[in-house]
Amino acid sequence: MLNALSWDLIWKDTDFTNSTCRNFLVVGFWQSSEYVCDRSIFIFQEEKLSEKTKALQQSIEAGNSISLHVRRGDYLSPKNKNLSNGICTIKYYEKAIHHMCAHVEEPIFYVFSDDIPWVRDNLAIHNAVYVSHNQGMDSWQDMYLISKCKHHIIANSTFSWWGAFLGTNQEKIVVCPPKLTNRGDSPDLFPDEWVKIEEL
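Each residue of the sequence shown is one higher than the last, beginning at 21 in this note's numbering.
What follows is the structure, given as structure tokens:
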């Protein structure tokens with residue numbers, strides 16, 4: 021027997037363990053720190069990392085690394101523009117970079133983007149390393165590298181949300197926009213300790 025549950029019929033504290041139903045299909049956008057009790061269940065296949073990624077990981081772990089993610093690409097298409105337009109502006113990134121520089125000594129920014137040339141032309145980032153070698157099926161290695169950074173500036177993107185969320189630094193600073201989409205997000209999408217840049 022399969023039960024289909026929609027977002028408006030379910031609560032965070034619902035206990036499925038006592039249900040008589042063996043299988044559930046849960047429908048919704050379940051991106052929230054409230055639904056993940058143990059982050060260690062998410063494991064990257066490190067044996068598949070490229071040598072270039074492994075070398076970059078060592079550099080990331082050696083300094084005060086800050087991941088900075090800029091997503092453009094599909095967000096600029098007419099289909100998705102209304103969904104993402106006006107959320108992560110140049111001003112957002114400028115304020116986020118300023119915040120990090122005020123709170124992290126000798127920061128090194130590791131920039132991840134599907135449009136590195138645009139980032140170089142539009143954002144003044146001192147002490148930046150531009151990561152562009154992971155493409156297509158290797159893009160997961162960028163999320164892995166993001167998770168290894170000590171601090172994070174995320175885009176309005178699930179990709180960098182997960183990268184920052186899976187970061188293990190206990191004192192990490194995560195700067196985020198006020199929302200991921202213009203359609204309305206889960207109210208507990210961002211952990212309370214993340215720093216929201218509200219004025220865009």
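The C-beta atom is built at its ideal place from N, Cα and C for all residues, glycine as well.
For residue i, count neighbouring C-beta atoms within 10 Å of its own C-beta (all shown protein chains included) and say buried if the count is 16 or more, exposed if not.
i	result
F132	buried
W27	Low per-residue confidence applies at W27: pLDDT is 38, beneath 50, and the placement is therefore not dependable, though the value from the model is reported in the following sentence. So W27 ends up on the exposed side.
W181	buried
Q65	exposed
M120	buried
S60	exposed
D141	exposed
Please report the straight-line C-alpha distance between residue i and residue j, rounded to a whole angstrom.
i	j	result
K216	P198	6 Å
S79	Y150	13 Å
E126	N84	7 Å
V56	S167	16 Å
E54	P211	8 Å
L69	A75	10 Å
On the DSSP letters alone, give me the boundaries of the beta strand (DSSP E) that residue i sits inside.
i	result
N142	Note, N142: premise wrong, no beta strand (DSSP E); alpha helix (DSSP H) at I136 to N142.
L88	N84 to V90
Going by the beta-carbon positions, is the gap between residue i and residue j smaller than 9 Å?
i	j	result
L209	Q51	yes
H172	L88	yes
Candidates the options: which alpha carbon is nearest residue i's?
i	options	result
I174	R140, E126 and A116	A116
E71	F179, H153, E191 and H171	H153
State the start and end residues of the unbroken alpha helix (DSSP H) segment that holds residue i.
i	result
H119	I110 to H123
S133	First-last for S133: P127 to S133, but that is the beta strand (DSSP E), not the alpha helix (DSSP H).
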